[in-house]
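J.: Quick note: the sequence shown uses numbering that gives the first Met the number 0, first residue 0, plus one each step. Even glycine gets a Cβ: it sits at the ideal position worked out from N, Cα and C. As the structure is a computational prediction, the values presented were derived from the model and not from experiment. Mind having a look at this structure? Questions to follow.
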Amino acid sequence: MKTILITGASSGIGAATALLYAQNGFTVFAGGRNQQRLNELSVQHENITTFSCDLTNKENIKNITIAFPPLDILLLNAGGCEYIDDAVNFDGDLFARVITDNLISIGYCLDVWLKLIKPNGQLAITSSCASFLPLPRAEAYGASKAALNYLAKTLAIDLTPQKINVSVINPGFVETQLTNKNTFSMPCIITSDSAAQYIFKGLSRKKTEINFPKRFTYSLKLLALLPFFIWKFLANKMVKGQ
């Protein structure tokens, strides 16, 4: 039976993806911070084993009591989102918190778990389509996700001799606890179950980039081709129109 370890699995995309892989015959190790939600996930399928962990603490990751077997897939999906609402009075603590949750934690996970991936196995990192171009209020979130894209693509090069395939996942808006907090329009928003299907199909094909939903992510990539002064003008018009 194939194995997958998924972080950020207590809710949203991670929980839906864990359940989908279990339904497709994988042994799933699903990690998160919320033990109650993890318990609810584990009872949904016998193939799911859950563990609670603070990924911003490397020693906590090392001390997980579960002895993980060699992995076919390591999916690093955990992360958070906070916005910089006042750029003039820049919140350095918020910035550091987001960078730690979304980027530093990934480094800790790689430190401990990357060596568990089998030859011809897969590493997948969940970033965001927010990394495609600068968005209002996303100084912290966007910076962390842009760094994850760079990290994943660099690893894709350096892990070639080990025959480990690396994918970066760039979702658009997905219905989760994080997006429920948003007060702005979220075009082309999809369910967590739909996001899980995109991820499952993309990883099955060993795609380097898994971007979804297509219409939204293509639109952002096209906008990213504009000269920056044009995008800056459009972005400011968007902010004023909210």
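Assuming residue 76 contacts residue 5 (C-beta within less than 8 Å), just tell me the rounded distance between them.
T.: For the purposes of this step, residue 76 is taken as the residue at position 77 of the sequence shown. For the purposes of this step, residue 5 is taken as the residue at position 6 of the sequence shown. At roughly 6 Å, the Cβ-Cβ gap stays under 8 Å, so residue 76 and residue 5 are in contact.
J.: Rounded to the nearest angstrom, how far is the Cβ of residue 38 from that of residue 21, given a contact under 8 Å?
T.: Residue mapping note: residue 38 aligns to position 39 of the sequence shown, counting from 1. Residue mapping note: residue 21 aligns to position 22 of the sequence shown, counting from 1. Actually they do not touch by this definition, with Cβ atoms about 15 Å apart.
J.: Would you check if the distance between the CB atom of residue 258 and the CB atom of residue 101 is smaller than 7 Å?
T.: Beyond the ends of the chain as shown, which are 0 and 241, falls residue 258; an answer cannot be given.
J.: For residue 198, count neighbouring C-beta atoms within 10 Å of its own C-beta (all shown protein chains included) and say buried if the count is 16 or more, exposed if not.
T.: On the sequence shown, residue 198 is found 199 positions in, with the first residue counted as 1. With 16 or more other Cβ atoms within 10 Å, it is buried.
J.: Counting C-beta neighbours from all protein chains within 10 Å, is the total for residue 107 16 or more, i.e. buried, or is it exposed?
T.: Here residue 107 refers to the residue found at position 108 of the sequence shown. By the 10 Å Cβ count, residue 107 comes out buried.
J.: Does the segment 42-60 come into contact with the segment 26-34, if we say contact requires no fewer than three beta-carbon pairs (one atom in each stretch) closer than 8 Å?
T.: Under the three-pair Cβ rule at 8 Å, the segment 42-60 counts as touching the segment 26-34.
J.: Once the 5 residues before and after residue 205 are set aside, which same chain residues still bring their CB inside 8 Å of it?
T.: As a working note, residue 205 is residue 206 in the sequence shown. Contacts found: 121, 164, 166.
J.: When you compare the CB positions of residue 310 and residue 115, do they come within less than 7 Å of one another, or not?
T.: Here the chain comprises residues numbered 0 to 241, so residue 310 is not present and cannot be evaluated.
J.: If we require 4 or more residues per run, which alpha helix (DSSP H) segments fall completely within the segment 98-186?
T.: 104-112, 138-157
J.: Have a look at residue 219 and residue 131 and give me their C-alpha separation to the nearest angstrom.
T.: Counting from 1 along the sequence shown, the entry for residue 219 is found at position 220. Counting from 1 along the sequence shown, the entry for residue 131 is found at position 132. Whole-angstrom Cα-Cα distance: 7 Å.
J.: Give every residue of the same chain whose Cβ lies closer than 8 Å to the Cβ of residue 188, excluding the five residues on either side of it in the sequence, and list them in chain order.
T.: What you label residue 188 is simply residue 189 of the sequence shown in a count that begins at 1. Result list for residue 188: 171, 172, 173, 174, 178, in chain order.
J.: Starting from residue 208, trace the beta strand (DSSP E) both ways and give me its first and last residue.
T.: Taking the first residue of the sequence shown as 1, we reach residue 208 at position 209. Counting along the chain, the beta strand (DSSP E) containing residue 208 begins and ends at 208-211.
J.: Can you name the residues that DSSP bridges to residue 29?
T.: Residue numbering aside, residue 29 sits at position 30 when the sequence shown is read from its first letter. Answer is 5, 49, bridged to residue 29.
J.: Can you list the beta strand (DSSP E) stretches of 3 or more residues lying completely in the segment 54-81, in chain order?
T.: Listed in chain order, they are 70-75.
J.: Between residue 9 and residue 202, what straight-line distance do the alpha-carbon atoms span, to the nearest angstrom?
T.: Reading the sequence shown from its first residue, position 10 is the one you call residue 9. Reading the sequence shown from its first residue, position 203 is the one you call residue 202. Cα-Cα distance, rounded: 21 Å.
J.: Confirm, please, whether the CB-CB distance from residue 71 to residue 2 is below 7 Å.
T.: Sequence index remark: in the sequence shown, residue 2 carries index 3 (1-based). Sequence index remark: in the sequence shown, residue 71 carries index 72 (1-based). Cβ atoms of residue 2 and residue 71: closer than 7 Å.
J.: Note down the Cα distance separating residue 129 from residue 78, rounded to an integer number of angstroms.
T.: Taking the first residue of the sequence shown as position 1, residue 129 is located at position 130. Taking the first residue of the sequence shown as position 1, residue 78 is located at position 79. One C-alpha to the other measures close to 14 Å.
J.: Whose C-beta lies closer than 8 Å to the C-beta of residue 62 among residues of the same chain, with five residues either side of it excluded?
T.: In the sequence shown, residue 62 corresponds to position 63, counting from 1. For residue 62, where only same-chain residues beyond five positions count, there are no Cβ hits under 8 Å.
J.: Sorted by chain position, which residues of the same chain lie with C-beta nearer than 6 Å to residue 151's C-beta, five sequence neighbours on each side aside?
T.: Start at 1 with the first residue of the sequence shown, and residue 151 comes out as number 152. Only 124, 165, 167 meet the Cβ criterion.
J.: Quick check: what's the CA-CA separation for residue 136 versus residue 0?
T.: As a first step, residue 136 is located in the sequence shown; it is residue number 137 there, counting from the start. As a first step, residue 0 is located in the sequence shown; it is residue number 1 there, counting from the start. Looking at the two C-alpha atoms, the distance is approximately 44 Å.
J.: If we ignore side chains and look at the alpha-carbon of each, how far apart do residue 156 and residue 147 end up?
T.: For the purposes of this step, residue 156 is taken as the residue at position 157 of the sequence shown. For the purposes of this step, residue 147 is taken as the residue at position 148 of the sequence shown. If you take the alpha carbons of residue 156 and residue 147, they lie about 14 Å apart.
J.: What first and last residue would you give for the alpha helix (DSSP H) that runs through residue 38?
T.: Taking the first residue of the sequence shown as position 1, residue 38 is located at position 39. Segment 34-41, the alpha helix (DSSP H) holding residue 38.
J.: Determine the DSSP secondary structure at residue 189, reduced to helix, strand or coil.
T.: Looking up residue 189 in the sequence shown gives position 190. Three-state DSSP puts residue 189 in a strand.
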